[in-house]
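Residue numbers for the sequence shown follow the UniProt record's numbering, so the first one is 8 and each next one is one higher.
Here a beta-carbon is modelled for each residue, glycine too, at the ideal position from N, C-alpha and C.
All values derive from a computational prediction rather than experimental measurement.
Only one structure is covered here, and it is reproduced in the block below.
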Amino acid sequence: HDSKLPNITWSIFSQMSALAEQYQAINLSQGFPNYPASDRLVALVEKYLRGGYNQYAPMAGVVALREVLAAKVQALYQLNVDPLDEVTITAGGTQALFTAIASIIQPGDEVILFEPAYDSYSPSVEVFGGKVVPIRLRGPAFKIDWDQVREAISTRTKLIIINNPNNPSAMIFSRADLLELERLLAGTAIFLLSDEVYEHLVFDGERHHSVLEFSHLRERSFVVASFGKLLHTTGWKLGYVIAPPRLSQEFRKVHQFNVFSVNTPMQHAIAEFLTDTDTYRSLPAFFQQKRDYLASGLAMSRFRVLPSAGTYFLLIDYSGVSALSELEFAKKLTIEHGVATIPVSSFYSIPLEQRLLRLCFAKSEDTLQQAISALANV
Ligand code: PMP
Ligand code: GLN
């Protein structure tokens, strides 16, 4: 019988992490921290595990956690979000994306997204019969031409997906970009899925602009976040979605039969942990220091480092080093030089003629130093 996803194999993140393991390479490929999570946070999980919080959480999430998240939105963006009707706790950003797409996409619907695009978007749309309409952005600037977006919109356009800050380009949307998007969507019935899992990882004194700040975007948006990025705990697979009540209701209709509810003791622990606002206010400086360490360490190498305005990734251009394709060169770097990275072409439906690799800098300084030394010898 026909596969629903005939062109899909195992993700590039699984492939490159496996290759790194096989060759004992420094793994800057898949995005995850290699240093421990906060002791205080882990102790809180233990407290709730031992305290008997081991049964189903409410379907939409532990109320104390939804309240602390609404307080975070208030603190960061001076906006009111209703914790009961607008916040839903999920099993990571991936499930939030999938469930939001499931709750609105019907066969034949068109979904506009921007490439390079995170790998889960297209398959999640296609498994529900939606058609992806990609808009290809080019490095090094990855700038969006909003006239091109206007031309891509048709009567079948149901959804636009954005990712800000962007994995893998490390670019952020300006306020002007979001105003353009708002103008474009005014008067349409198009929904917006805004993947903001890196909202706290914005550097150089810039600030993240959430679609929540733009009322005509907020009214049509699912905003996706991930505790993996917020707490350096990608293995916990917890996240959340913020959406207006009518969209949250549709989201929860699917969510209750997708996972019903998610990990109870961890939700309580995170709620208590996040009452200290330093836990998230300290993130930009923490990651900027790592970005600068890696970028300045590579300055003397033959690679050209592209600017990273947000996320825990930076791109390097190797066109001065090799003419191999990105996948071939990424494999060679892993096997022969002991550093695993991600080819940026894997974020495009049709690869562009670029020579770019993505490096994750959510690593200990020691690991970053080893990678710098290895890359200096290429
Ligand atoms: N969106 C983007 C852009 C991501 O980079 C990630 C994590 N790599 C996710 C979503 C998924 O988040 P989670 O790990 O919480 O499922
Ligand atoms: N989001 C991570 C990345 O971009 C990977 C997540 C995954 O392996 N699915 O590297």
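Self-check item: DSSP beta-bridge partners of Gly246
Solution: For the purposes of this step, residue 246 is identified with residue 239 of the sequence shown, where counting begins at 1. Answer is Thr97 and Ser233, bridged to Gly246.
Quiz item: From the beta carbon of Leu245, is the nearest beta carbon of chain D less than 8 Å away?
Solution: Among the protein chains of the structure shown there is no chain D, as only one such chain exists.
Quiz item: Is the stretch 66–82 in contact with the stretch 93–108, if contact means three or more CB pairs nearer than 8 Å?
Solution: Contact between the stretch 66–82 and the stretch 93–108 is established, with three or more Cβ pairs separated by less than 8 Å.
Quiz item: Does any heavy atom of the ligand PMP sit closer than 7 Å to the C-beta of Tyr287?
Solution: Along the sequence shown, one-based indexing puts residue 287 at 280. Answer for Tyr287: no, Cβ out of range of the ligand PMP.
Quiz item: Residues in its own chain within less than 6 Å of His344 by CB, not counting five upstream and five downstream?
Solution: On the sequence shown, residue 344 is found 337 positions in, with the first residue counted as 1. Non-local C-beta neighbours of His344 in its own chain, meaning closer than 6 Å and more than five positions away in sequence, comprise Ala381 and Val385, ordered along the chain.
Exercise. Assign Ser110 to one of three DSSP states: helix, strand, or coil.
Key: Start at 1 with the first residue of the sequence shown, and residue 110 comes out as number 103. Correct three-state label for Ser110: helix.
Self-check item: Which listed residue (Val218, Glu257 and Pro90) has its alpha carbon closest to that of Leu230
Solution: Residue numbering aside, residue 230 sits at position 223 when the sequence shown is read from its first letter. Position check: residue 230 holds Val in this sequence, whereas Leu was assumed. Nearest to Val230 by C-alpha distance, out of Val218, Glu257 and Pro90, is Val218.
Quiz item: From which residue to which residue does the beta strand (DSSP E) around Asp324 run?
Solution: Taking the first residue of the sequence shown as position 1, residue 324 is located at position 317. Unbroken beta strand (DSSP E) run through Asp324: Phe320 to Asp324.
Quiz item: Under three-state DSSP, which class holds Asn173?
Solution: Position 166 of the sequence shown, counted from the start, is the residue given in the question as residue 173. Under the three-state reduction of DSSP, Asn173 is assigned to coil, being neither helix nor strand.
Practice problem: Please report how far the alpha carbon of Ala302 lies from the alpha carbon of Pro291, in whole angstroms. | Solution: Counted from its first residue, the sequence shown places residue 302 at position 295. Counted from its first residue, the sequence shown places residue 291 at position 284. Between Ala302 and Pro291, the C-alpha separation is close to 16 Å.
Quiz prompt | Phe20 CB to nearest heavy atom of the ligand GLN below 7 Å | solution = The residue labelled residue 20 in the question sits at position 13 within the sequence shown. Yes; taking the cut-off as 7 Å, the Cβ of Phe20 has a heavy atom of the ligand GLN nearer than that.
Quiz prompt | Contacts around Leu272, its chain only, beta-carbon distance under 7 Å, and the 5 residues preceding and following it disregarded | solution = Locating residue 272 in the sequence shown gives position 265, counting from the first residue. The residue asked about is misnamed: residue 272 is Pro in this sequence, not Leu. Answer for Pro272: Val52, Tyr55, Leu56, Tyr60 and Asn61, listed in chain order.
Self-check item: Residue nearest to Leu313 in terms of C-alpha spacing, selected from Leu322, Leu305 and Ala306
Solution: Position 306 of the sequence shown holds residue 313. Distance from the Cα of Leu313 is smallest, within the candidate group Leu322, Leu305 and Ala306, for Leu322.
Quiz item: Ordered along the chain, which non-local residues of its own chain (more than five positions away) have a Cβ less than 6 Å from that of Ser222?
Solution: The count along the sequence shown starts at 1 and reaches residue 222 at position 215. Result list for Ser222: empty, nothing under 6 Å.
Practice problem: Keeping to the same chain, check which residues put their C-beta closer than 8 Å to that of Leu12; ignore five residues upstream and five downstream. | Solution: Within the sequence shown, the letter at position 5 stands for residue 12. Only Pro130, Glu133 and Val134 meet the Cβ criterion.
Quiz item: Beta carbon of Ser233: closer than 7 Å to some heavy atom of the ligand PMP?
Solution: As a working mapping, residue 233 is identified with position 226 in the sequence shown. At least one heavy atom of the ligand PMP falls within 7 Å of the beta-carbon of Ser233.
Exercise. Please report the residue range of the beta strand (DSSP E) in which Lys138 lies.
Key: Here residue 138 refers to the residue found at position 131 when the sequence shown is read from its first residue. Element bounds for Lys138: Lys138 to Arg143.
Quiz item: Which residue or residues does DSSP assign as beta-bridge partners of Asn34?
Solution: What you label residue 34 is simply residue 27 of the sequence shown in a count that begins at 1. DSSP lists Ala347 as partners of Asn34.
Quiz item: Grouping DSSP H, G and I as helix and E and B as strand, with all else coil, what is Leu86?
Solution: The residue given as residue 86 occupies position 79 in the sequence shown. Reduced to three states, the DSSP call for Leu86 is coil.
Quiz item: Starting from Leu364 and walking both ways along the beta strand (DSSP E), at which residues does that stretch end?
Solution: The count along the sequence shown starts at 1 and reaches residue 364 at position 357. Where Leu364 is concerned, the enclosing beta strand (DSSP E) stretches over Leu363 to Cys367.
Practice problem: Mark Ala307 as exposed unless 16 or more other C-beta atoms lie within 10 angstroms of its C-beta, in which case mark it buried. | Solution: Here residue 307 corresponds to residue number 300 of the sequence shown, with the count starting at 1. Before going further, note that residue 307 is Met rather than Ala in the sequence given. Met307 is exposed by the Cβ-count criterion.
Self-check item: Among Asp9, Gly212 and Ser24, nearest to Asp316 - alpha-carbon criterion
Solution: Numbered from 1 along the sequence shown, position 309 holds the residue referred to as residue 316. Checking the sequence shown, residue 316 turns out to be Ala, not Asp. Nearest of Asp9, Gly212 and Ser24 to Ala316, Cα basis: Gly212.
Exercise. Measure the CB-CB distance between Val248 and Ala77 and report whether it falls below 8 Å.
Key: On the sequence shown, position 241 is the one that residue 248 refers to. On the sequence shown, position 70 is the one that residue 77 refers to. Their beta carbons are not under 8 Å apart, which means Val248 does not touch Ala77 by this criterion.
Quiz item: Across which residues does DSSP place Val118 in a beta bridge pair?
Solution: Translated into positions along the sequence shown, residue 118 becomes position 111. According to DSSP, which records beta bridges pairwise, Val118 is partnered with Val139 and Leu166.
Quiz item: How many angstroms separate the CA atom of Val118 from the CA atom of Ile111?
Solution: Stepping through the sequence shown from its first residue, residue 118 is reached at position 111. Stepping through the sequence shown from its first residue, residue 111 is reached at position 104. Val118 and Ile111 have their C-alpha atoms spaced approximately 11 Å apart.
Self-check item: DSSP-derived helix/strand/coil call for Gly304
Solution: Reading the sequence shown from its first residue, position 297 is the one you call residue 304. The answer is helix: DSSP assigns Gly304 an H, G or I state.
Quiz item: When every heavy atom of the ligand GLN is checked, does at least one fall within less than 7 Å of the C-beta of Asn174?
Solution: Taking the sequence shown and counting its residues from 1, the one referred to as residue 174 is at position 167. Yes.
Quiz item: Is the beta carbon of Tyr125 within less than 7 Å of some heavy atom of the ligand PMP?
Solution: Residue numbering aside, residue 125 sits at position 118 when the sequence shown is read from its first letter. If you check the C-beta of Tyr125 against the ligand PMP, you find a heavy atom less than 7 Å away.
Quiz item: Can we count Gly99 as close to the ligand GLN, meaning its CB is less than 7 Å from some heavy atom?
Solution: As a working note, residue 99 is residue 92 in the sequence shown. The answer is no for Gly99.
Practice problem: Inspect the beta-carbon positions of Leu144 and Glu122 and report whether they are closer than 8 Å. | Solution: Translated into positions along the sequence shown, residue 144 becomes position 137. Translated into positions along the sequence shown, residue 122 becomes position 115. Remark: C-beta atoms of Leu144 and Glu122 approach each other more closely than 8 Å.
Self-check item: Beta bridge counterpart(s) of Val312 as assigned by DSSP
Solution: Taking the first residue of the sequence shown as position 1, residue 312 is located at position 305. DSSP lists Ile323 as partners of Val312.
Quiz item: With DSSP run on the structure shown, which of helix, strand or coil describes Asp126?
Solution: Here residue 126 corresponds to residue number 119 of the sequence shown, with the count starting at 1. Correct three-state label for Asp126: coil.
Practice problem: Kindly list the residues whose CB is nearer than 8 Å to the CB of Gln37, restricted to its own chain and excluding five residues on each side of it in sequence; keep chain order. | Solution: The count along the sequence shown starts at 1 and reaches residue 37 at position 30. Apart from the 5 residues on each side of it in sequence, Gln37 sits with its Cβ closer than 8 Å to the Cβ of Phe20, Ser21, Met23, Ser24, Ile349 and Cys367 in its chain, given in chain order.
Quiz item: What does a CB cutoff of less than 6 Å around Glu189 pick up in its chain, not counting 5 residues either side in sequence?
Solution: Translated into the one-based positions of the sequence shown, residue 189 becomes position 182. Within the same chain, Phe221, His223 and Leu224 come within 6 Å of Glu189 by CB-CB distance, once the 5 residues on both sides are set aside.
Practice problem: Starting from the C-beta of Phe294, find all residues in its chain whose C-beta is less than 6 Å away, skip the five residues before and the five after it, and write them out in chain order. | Solution: Taking the first residue of the sequence shown as 1, we reach residue 294 at position 287. The answer, listed in chain order, is Leu208 and Tyr319.
Quiz prompt | Within 8 Å, strictly: CB atoms of Leu258 and Thr106 | solution = The residue you call residue 258 lines up with position 251 of the sequence shown. The residue you call residue 106 lines up with position 99 of the sequence shown. The identity of residue 258 in the sequence shown is Phe, whereas the question assumes Leu. It is a contact, given that the beta carbons lie within the stated cut-off.
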